[in-house]
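Asks: In terms of our numbering, the numbers along the sequence shown are unbroken and rise by one, the last being 1142. Before I ask anything, let me first share the structure, which is written out below as structure tokens.
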Amino acid sequence: MGLGRTRSVGVRGVEGFLVEVESDVASGLPAFTVSGRADAACAQAPDRVRAAAANSQHPIPARRITVNLSPASVLKVGSGFDLAIVVATLVAAREIPTGVVEDVVHIGELGLDGSVRPVRGLVPMVVAAAKAGVRHVVVPVANAREARLVAGVQVHPVARLDELVARYRALAKRRPVLEVPEPDAALVPDRPPPDLADVVGQTEGRLAVEIAAAGAHHLYLVGPPGAGKSMLAERLPGLLPELDDQQAMEVTAISSILGTLTSFDGLCRRPPFVAPHHGASMPAIIGGGSGLVLPGAVTQAHHGVLFLDEAPEFRPGVMQALRQPIESGHVVVARAIGNVRFPCEFQLVLAANPCPCGMGSGKAAACSCSPIQQRRYSGRLSGPILDRIDIQVHVPAPSRAALLGEPGESTEVVRARVEAARGTQRERWSGRPYAVNGRVPGPVLRSEAFRLGSGRTADLDRAVDRGLLSLRGYDRCLRLAWTIADLAGRISPSRDDVGLALSLRHQPALAA
């Protein structure tokens, strides 16, 4: 008996980290302990390992066994370390030849019958292994397609523990190693995005959505029920360009951790669309949990759209918690065991009725809300939140003439303009840590290289002098003006572009 070593991978937030797994089999009273800050699921691995090894005809010896997961200072969460623990222990027990497993990463949960079961988070795990220089990864058969999304790593699927032991023995003797055949996976086809042509009327709303897509601007829609606010928001992701390789890998990793990957024929190229219910809790929106810290809705919408319908109905604390992620593009969830950082560069879309009954727009003849109810309802969205929303427009109820009129432009037509505007922005901001106008810091737009003359910013200057526009709002209007100019094919914004940006910036009244 002796010492066995191999490797595995843990997950912290949405990033993986390499774990050295050591197992020592020594004489003494039978015992099986796991050290290295293992959580409850990981600490129960000895029971699963003993049963799986015995039912695979490779029993664990009745000796004193100590398994260490290094680095010991980092919490190890989940049952994905089972396969590495049993492999290291069988190496120490001389059931698997020494040396063939030390540089291999093993990921998987063990069933009591010796089967290797899938785990969540394979994509960030394999990414971490690849970054650490690992070239061979053993994963459950059910996770093989997911693991192969990561380039530069050879994935070896395994279905049962006894099969893996036989393959390692053959490898040590330099015999041919038979890979386990993978079952055909039923791929779930992606649904085509909804078409913008389905939206009736709403000229200003359609323009606002196009500008928001072109510059990655946040959007606030206010209007009566049935006006088309949700339809406009749901069609925004279809206008966005496909994600590049890095963005797609980040979105795929988040989906892998949450277990929401539906097909493995490629990375997630379509920007995500997340629309939580207004009863969602703080951990559901921001991220957290009592045990494993999971990404919230803001992270699920990374590089996509977060749509909060009936925004005033969300808990005030939840809405206030969005202020920091909107500005920084990441959120830090603090726990006693440490802090977990999640990325969350999303476009926020808010939708709201003008009053509690929803009829307080236009002439408001059918509105049954009192002035106090209207004021309380409007106060549920604080000024600091609304000040961070670039575009704020009113969506009126469509007229009968709009219902009978010609349909508007399709998503395909509008997306072509959006992609052209995005290309202009990528060229303009090349070499900087941002590629869209909605992410450009205000000092850059006010610098000498991009400063607009006083003749073009006169309306903005007047609004600031009168206290109608904050300095943050001033910068956001400049961002909007540049996006409007990009959509029109102009080199820089004109005074009309700045005026249109200011008109799209005004806060729509929640009640008439």
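Backbone N, C-alpha and C define an ideal beta-carbon position, used for all residues, glycine too. Keep in mind that this is a model prediction, so the values were computed, not measured.
In chain order, what residues of the same chain have a beta carbon less than 6 Å from the beta carbon of R1152, not counting five sequence neighbours either side?
Replies: This structure cannot settle anything about residue 1152, because the visible part of the chain is limited to 631 through 1142.
Asks: Could you check how far apart the C-beta atoms of G868 and P823 are, in whole angstroms? I think they sit under 8 Å.
Replies: Against the sequence shown, residue 868 aligns to sequence position 238. Against the sequence shown, residue 823 aligns to sequence position 193. Confirmed, about 3 Å.
Asks: Does DSSP put Q930 in a helix, in a strand, or in coil?
Replies: Sequence index remark: in the sequence shown, residue 930 carries index 300 (1-based). Note: Q930 maps to helix in three-state DSSP.
Asks: Grouping DSSP H, G and I as helix and E and B as strand, with all else coil, what is T833?
Replies: By one-based count along the sequence shown, residue 833 stands at place 203. T833: helix per DSSP, three-state reduction.
Asks: With T663 as the anchor, note down where its beta strand (DSSP E) starts and where it stops.
Replies: Taking the sequence shown and counting its residues from 1, one reaches residue 663 at position 33. First-last of the beta strand (DSSP E) with T663: A661 to S665.
Asks: Where does the unbroken beta strand (DSSP E) through Y850 begin, and where does it stop?
Replies: As a first step, residue 850 must be located in the sequence shown, where it is residue number 220. Y850 -> beta strand (DSSP E) spans L849 to V852.
Asks: Which runs of the alpha helix (DSSP H) at least 4 residues long sit entirely within the stretch 938 to 1013? Give them in chain order.
Replies: The stretch 938 to 1013 contains these whole alpha helix (DSSP H) runs: 946 to 950, 953 to 958 and 1001 to 1008.
Asks: At the level of alpha carbons, what is the spacing between A1141 and S1100?
Replies: Numbered from 1 along the sequence shown, position 511 holds the residue referred to as residue 1141. Numbered from 1 along the sequence shown, position 470 holds the residue referred to as residue 1100. Interpretation of A1141 is limited by its pLDDT of 38, a score under 50 that renders its predicted location unreliable; no figure is taken from the coordinates.
Asks: Answer with buried or exposed for L1075, where buried requires no fewer than 16 other C-beta atoms within 10 angstroms of its C-beta.
Replies: What you label residue 1075 is simply residue 445 of the sequence shown in a count that begins at 1. Per the 10 Å Cβ criterion, buried.
Asks: With DSSP as the reference, label A684 as helix, strand or coil.
Replies: Residue 684 sits at position 54 when you count from the first residue of the sequence shown. Looking at A684 - three-state DSSP - the assignment turns out to be helix.
Asks: So, is P946 buried or exposed, given that buried needs 16 or more other C-beta atoms within 10 angstroms?
Replies: Counting from 1 along the sequence shown, the entry for residue 946 is found at position 316. So P946 ends up on the exposed side.
Asks: Grouping DSSP H, G and I as helix and E and B as strand, with all else coil, what is Q1055?
Replies: On the sequence shown, position 425 is the one that residue 1055 refers to. Reduced to three states, the DSSP call for Q1055 is helix.
Asks: Taking contact to mean at least 3 C-beta pairs separated by less than 8 Å, is the stretch 655 to 668 in contact with the stretch 765 to 773?
Replies: These segments do not touch.
Asks: Run the CB neighbour count on D939, radius 10 Å, all protein chains shown included, and call it buried at 16 or more, exposed below.
Replies: Position 309 of the sequence shown, counting from 1, holds the residue named residue 939. By the 10 Å Cβ count, D939 comes out buried.
Asks: I want to know whether the stretch 679 to 690 touches the stretch 716 to 731 - three or more CB-CB distances under 8 Å.
Replies: In short, these stretches touch, since the Cβ pair count reaches three.
Asks: What alpha helix (DSSP H) runs, 4 residues minimum, are completely inside the stretch 682 to 759?
Replies: 712 to 722, all fully within the stretch 682 to 759.
Asks: Please classify D654: does DSSP put it in a helix, a strand, or coil?
Replies: Working through the sequence shown from its first residue, we reach residue 654 at position 24. Three-state DSSP puts D654 in a strand.
Asks: Return the chain-ordered list of same chain residues with a C-beta closer than 7 Å to the C-beta of F1174, the five sequence neighbours on each side being excluded.
Replies: Because residue 1174 is not part of the residues shown, which for the chain are 631 to 1142, the question remains open.
Asks: Once the 5 residues before and after V963 are set aside, which same chain residues still bring their CB inside 6 Å of it?
Replies: Reading the sequence shown from its first residue, position 333 is the one you call residue 963. G917, G918, V923 and V970.
Asks: If we call anything under 8 Å between Cβ atoms a contact, is G744 one with A682?
Replies: Reading the sequence shown from its first residue, position 114 is the one you call residue 744. Reading the sequence shown from its first residue, position 52 is the one you call residue 682. Against a cut-off of 8 Å, the Cβ pair of A682 and G744 comes out as a contact.
Asks: Which same chain residues end up closer than 6 Å to A1046 when comparing Cβ atoms and leaving out the 5 residues on each side of it in sequence?
Replies: For the purposes of this step, residue 1046 is identified with residue 416 of the sequence shown, where counting begins at 1. The answer is none, since no qualifying residue turns up.
Asks: Within this structure, are the beta carbons of L1134 and L1110 separated by less than 8 Å?
Replies: Taking the sequence shown and counting its residues from 1, one reaches residue 1134 at position 504. Taking the sequence shown and counting its residues from 1, one reaches residue 1110 at position 480. Their beta carbons are under 8 Å apart, which means L1134 touches L1110 by this criterion.
Asks: Between the stretch 840 to 850 and the stretch 1056 to 1067, are three or more C-beta pairs nearer than 8 Å?
Replies: Flag = yes, the stretch 840 to 850 and the stretch 1056 to 1067 touch.
Asks: Excluding sequence positions up to five away, which residues of its chain have a Cβ less than 7 Å from the Cβ of G741?
Replies: As a working mapping, residue 741 is identified with position 111 in the sequence shown. Cβ neighbours of G741 beyond the five flanking positions: A682 and R747.
Asks: Among A1050, P986 and S703, which residue has its Cα nearest to the Cα of S998?
Replies: Looking up residue 998 in the sequence shown gives position 368. With distances taken between Cα atoms, S998 lies closest to P986.
Asks: Measuring CA to CA, which of V830, L791 and V707 is closest to M755?
Replies: Start at 1 with the first residue of the sequence shown, and residue 755 comes out as number 125. Cα-wise, what sits closest to M755 is V707.
Asks: What do you get for E864, buried or exposed, if any count of 16 or more other CB atoms within 10 angstroms of its CB means buried?
Replies: Translated into the one-based positions of the sequence shown, residue 864 becomes position 234. Buried.
Asks: What do you reckon, are the CB atoms on P1028 and V830 nearer than 8 Å?
Replies: The residue labelled residue 1028 in the question sits at position 398 within the sequence shown. The residue labelled residue 830 in the question sits at position 200 within the sequence shown. For P1028 and V830, yes; Cβs fall inside 8 Å.
Asks: Mind checking which residues open and close the alpha helix (DSSP H) that includes T892?
Replies: To locate residue 892, count along the sequence shown from 1; it is residue 262. Where T892 is concerned, there is no enclosing alpha helix (DSSP H), given that its DSSP letter is neither H nor E.
Asks: For the beta strand (DSSP E) containing G634, list its first residue and its last residue.
Replies: Translated into the one-based positions of the sequence shown, residue 634 becomes position 4. Here the beta strand (DSSP E) through G634 covers L633 to R642.
Asks: Please classify V1023: does DSSP put it in a helix, a strand, or coil?
Replies: Mapped onto the sequence shown, residue 1023 falls at position 393. Strand, per DSSP.
Asks: So if DSSP puts V608 in a beta bridge, which residue, or which two residues, is it bridged to?
Replies: Shown here, the chain extends from 631 to 1142; a query on residue 608 therefore has no answer.
Asks: Suppose the cutoff is 8 Å on Cβ atoms and the five residues either side in sequence are ignored; what does the same chain contact list for A760 look like?
Replies: By one-based count along the sequence shown, residue 760 stands at place 130. Correct list, in chain order: V780, A781, G782 and V783.
Asks: Terminal residues of the continuous alpha helix (DSSP H) containing G1103?
Replies: Mapped onto the sequence shown, residue 1103 falls at position 473. It spans L1101 to A1118 - the alpha helix (DSSP H) in which G1103 sits, taken as one unbroken run.
Asks: Does the Cβ of G858 have 16 or more other Cβ atoms within 10 Å, making it buried, or fewer, making it exposed?
Replies: If you number the sequence shown from 1, residue 858 lands on position 228. Flag for G858 reads buried.
Asks: Could you tell me which residues DSSP pairs with R790 in its beta bridges?
Replies: By 1-based counting over the sequence shown, the position of residue 790 is 160. In the DSSP output, where bridge partners are listed per residue, R790 has S745.
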